[in-house]
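Numbering (the working numbering), first residue to last: 10 to 386.
Here it is, written out as structure tokens:
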């Protein structure tokens, strides 16, 4: 039996005021094509379908179209809610969709029954565990001692009473202690929401969401599929893929990473304003990509973003990396100011902020202002 694994679609997300809905539709269409091409039986969707609890209409319509395309392709779908989703809204009416091959995790109530599929090697039990917090699990299991996320997930799994002689898969949306994170994810200070990969040790495959970089983590080899698109500059170096799992007999599986190619990439360009404008003519990449620009000019360029957008229309933002920004990171203290001349104080401040001395014309200008404010003496 063949499974594919995706997560963290974040439908309806914007990137520095740019709507990503067209990019998301493009990548979901590509995912359907690759599922059909690879003859996948089941798609596991590990949470964060939407970017916000109250999903935008555009995101809802896109997800509906995605599910309809999968039903037409006769591909079963297993969906759970993530921390960005409203479990109640996402799973509403889910029980009426199972005859179409669509299975949604229910709102957590202390007990999870598996979706059982059959192939030539017997049953495959798929457990759909939505994003949970300790308080939620404690509410439904008051006799258990639950003080952490680790306690909560461990307890939820114990209630499943796994048959270890059969093949068991779980779809979940939790942070793992040793996972590599990035800034586009929702972080809890101190990693208090993280759990050990060992809580999932009895499963034959663990399809996780929540972390945006695709990675296999820990001794239990839990798998994060990562996002299908880059959602921040912290993901610039990520290769976006879709894990494809071929499940054989108990203990036998093969995993292949299927590349996902976006409609528009997220890139970073660094150089002086003139260099970037000149090189844009020979840039082999898509000019429509989302661009993060770092300018190295020593002086700010007037309305740089408007001019740069004539060659790269989807520039997200511009920052500077020069002597001034480096100096600003280490601004020195100015002691005994009353004992120094105003021009000396300003020169020291200028050098600390700009990383260079004032030239003669600047000194003359500042001196003229000083004399105007305080008088010649």
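Glycine included, every Cβ here is placed at the ideal spot set by N, Cα and C.
Whole-angstrom C-beta distance between residue j and residue i, which should lie under 8 Å
| i | j | result |
| --- | --- | --- |
| residue 102 | residue 67 | At roughly 20 Å, the Cβ-Cβ gap does not stay under 8 Å, so residue 102 and residue 67 are not in contact. |
| residue 110 | residue 88 | Not confirmed; about 11 Å, so no contact. |
| residue 336 | residue 372 | Not a contact, Cβ separation roughly 18 Å. |
| residue 203 | residue 180 | Rounded, the Cβ-Cβ distance is 18 Å, inconsistent with contact. |
Buried or exposed (CB count within 10 angstroms, at least 16 for buried), residue i
| i | result |
| --- | --- |
| residue 16 | buried |
| residue 57 | buried |
| residue 384 | exposed |
| residue 92 | buried |
| residue 1 | Given a span of 10 to 386 for the chain in the structure shown, any question on residue 1 remains unanswerable. |
| residue 328 | exposed |
| residue 173 | exposed |
| residue 46 | exposed |
| residue 317 | buried |
| residue 148 | exposed |
| residue 221 | buried |
| residue 105 | exposed |
| residue 117 | buried |
| residue 330 | exposed |
| residue 198 | Here the model assigns residue 198 a pLDDT of 48, short of 50, so the residue's position is not dependable, and the following value carries that caveat. Per the 10 Å Cβ criterion, exposed. |
| residue 13 | buried |
| residue 187 | exposed |
| residue 44 | buried |
Residue i - containing beta strand (DSSP E), residue span
| i | result |
| --- | --- |
| residue 264 | 262–268 |
| residue 303 | 299–304 |
| residue 113 | 111–113 |
| residue 55 | 51–55 |
| residue 276 | 275–280 |
| residue 86 | 85–89 |
| residue 374 | From DSSP, residue 374 is part of no beta strand (DSSP E) but of the alpha helix (DSSP H) over 369–383. |
For residue i, the first and last residue of its enclosing alpha helix (DSSP H)
| i | result |
| --- | --- |
| residue 46 | 30–46 |
| residue 70 | 66–81 |
| residue 100 | 96–100 |
Residue i CB to nearest heavy atom of the ligand ADP below 8 Å
| i | result |
| --- | --- |
| residue 366 | Annotation note on the ligand ADP: not contained in the displayed structure, which lists no ligands. |
Candidates the options, of which the one nearest residue i by Cα
| i | options | result |
| --- | --- | --- |
| residue 260 | 272, 229 and 274 | 229 |
| residue 63 | 71, 96, 46 and 357 | 96 |
| residue 324 | 277, 266 and 19 | 277 |
| residue 246 | 254, 223 and 266 | 223 |
| residue 5 | 254, 119 and 32 | The question about residue 5 has no answer, for the chain in this structure spans 10 to 386. |
| residue 183 | 132, 137, 24 and 129 | 137 |
| residue 303 | 293, 237 and 283 | 283 |
| residue 270 | 118, 32 and 145 | 32 |
Any alpha helix (DSSP H) of 4 or more consecutive residues that is wholly inside the segment 138–205: 143–149 and 158–167
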